[in-house]
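Working notes, beginning with the structure itself.
Protein chains: 2
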Amino acid sequence: MLSKKAQYAFRALSTLVRRDLARRNEQNAPDASASDTPTSISDMVQIHPMSTKFLETILLDLKRGGILGSKKGKGGGYYLLKHPEDTPLAQVIRILDGPIAPLPCVSLHFYERCHDCNEAMCGLNRLMAEVRDANLAVLEQRTLSDLAVHPEGAAA
Amino acid sequence: MLSKKAQYAFRALSTLVRRDLARRNEQNAPDASASDTPTSISDMVQIHPMSTKFLETILLDLKRGGILGSKKGKGGGYYLLKHPEDTPLAQVIRILDGPIAPLPCVSLHFYERCHDCNEAMCGLNRLMAEVRDANLAVLEQRTLSDLAVHPEGAAA
DNA sequence: TTTAATTCCTACCTATCCGATGGGAAAAAG
DNA sequence: CTTTTTCCCATCGGATAGGTAGGAATTAAA
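Here the protein sequences line up with chains H and Z, keeping their order.
Just so you know, we're using my numbering here: the first sequence kicks off at 1 and counts up by one.
Just so you know, we're using my numbering here: the second sequence kicks off at 157 and counts up by one.
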């Protein structure tokens with residue numbers, strides 16, 4: 001299960017993505033950087049109600065994780081460092097929740113040897129590696145841009 | 157990530173499965189019940205070292221979950237209620253770790269409405285439902301019998 | 001140059017859960 | 001009636017999740 005941290009992260013990110021797309025449409029500049037139109041924490045909380053302080057720590061994590069940039073002081077806030085399509089959901093989850101794999105011994109980014117278990121002979125390893133791959137097939141393919149897409153018929 | 161409980165459960169189950177298969181081969185009776193040859197906790201712990209008391213609670217869970225049967229008293233122990241192929245890994249995980257879905261609002265067996273979020277409009281729901289399906293494609297297909305299969309070249 | 005708005009940093013707090021243990025009751029076999 | 005087992009209940013220490021508090025540093029604007 002995703003932690004609250006990751007859930008809140010996705011909500012906040014969806015706001016940033018929507019603003020990012022809107023801005024590119026207005027300016028008719030699909031490659032413009034988002035760094036000059038940051039979004040403040042209080043703005044994000046107003047759109048998706050949650051604890052301001054808690055969101056603060058989450059956004060800091062996303063910044064350290066290389067997904068967001070920030071601007072301090074009045075008029076400051078956070079902005080996407082890359083195009084939404086260039087940040088897979090897997091990256092967000094790894095930053096906030098750690099490993100995606102169901103076992104440390106089949107994790108690609110957080111591998112840890114499992115004691116009391118010969119990996120070559122362990123039937124579970126192979127199966128959980130399958131699960132990991134099934135997960136990554138979705139989470140590495142889907143990106144932040146997919147967060148902003150709503151099913152047909154829904155208003156923005 | 158799987159809990160220790162689930163990991164230990166799989167280890168214990170793998171011994172039960174191996175014994176089950178061996179027994180069917182010996183008796184040349186592929187449909188024989190396993191209820192007359194139970195395996196005690198101490199036997200399981202000897203094969204896969206772990207806390208006896210902890211394994212006890214796990215096996216009790218598996219029993220309540222409908223996967224194992226038990227026999228009390230001298231010569232007693234636990235046994236598989238069904239053919240290994242008839243118990244998907246998903247069932248084991250649900251008993252010990254709860255939901256497989258990454259969000260309560262996309263869980264099939266443990267659904268909970270998510271407040272502060274219109275499910276029809278939430279971009280995350282749809283994506284996490286994809287992740288859930290990818291997981292289940294493996295976990296509902298793979299069964300206990302797959303636990304006993306080792307990669308070629310490995311000794312038992 | 002002051003004020004207001006913001007990110008940034010460190011520390012803390014509380015409740016829950018995970019992993020594990022202990023003591024014994026109940027059943028079954030010999 | 002003794003031994004071996006499952007079964008049940010209570011507890012426990014440590015870690016983690018989720019959230020809070022207070023203030024320093026930075027920036028824009030009045």
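For each residue, glycine too, the CB sits at the ideal point set by N, CA and C.
Find the residues of chain H that neighbour Glu331(Z), judging by a C-beta separation of less than 8 Å, and give them in chain order. Outside the shown range of chain Z, which is 157 to 312, sits residue 331(Z), and nothing can be said about it.
Is any beta-carbon of chain H found at less than 7 Å from that of Leu211(Z)? no
For the segment 20-55 of chain H, list the beta strand (DSSP E) runs that are entirely contained and at least 3 residues long, ordered along the chain. Listed in chain order, there is nothing to give.
Is DSSP giving Tyr164(Z) helix, strand or coil here? Judged by DSSP in its simplified three-state form, Tyr164(Z) adopts helix.
Flag this pair as touching only if the segment 190-205 of chain Z and the segment 166-177 of chain Z have three or more C-beta atom pairs under 8 Å; answer yes or no. yes
Among Ser42(H), Cys117(H), Leu103(H) and Leu139(H), nearest to Arg288(Z) - alpha-carbon criterion: Leu139(H)
Using a C-beta cutoff of 7 Å, does Ala154(H) count as contacting chain Z? Caution is warranted here: a pLDDT of 48 is assigned to Ala154(H), below 50, making its placement in the model unreliable, and the coordinate value is therefore given only provisionally. So yes, Ala154(H) belongs to the interface.
Looking only at C-alpha atoms, which of Tyr164(Z), Lys160(Z), Asn274(Z) and Ser301(Z) sits nearest to Lys238(Z)? Ser301(Z)
Against chain Z, does Asp146(H) count as a neighbour if the rule is that its beta carbon must be under 7 Å from one of theirs? yes
If I follow the unbroken beta strand (DSSP E) through Gly77(H), where does it start and stop? Gly77 to Leu80
For chain H, is any of its Cβ atoms less than 7 Å away from the one on Leu216(Z)? no
CA-CA distance, Arg250(Z) and Pro88(H)? Near 28 Å, if we compare the C-alpha coordinates of Pro88(H) and Arg250(Z).
Could you please give me the residues that DSSP links to Gly69(H) through a beta bridge? Partner(s): Tyr79(H).
Going by beta carbon distance, what residues of the same chain come within less than 8 Å of Gly98(H), once the five residues before and after it are set aside? Phe110
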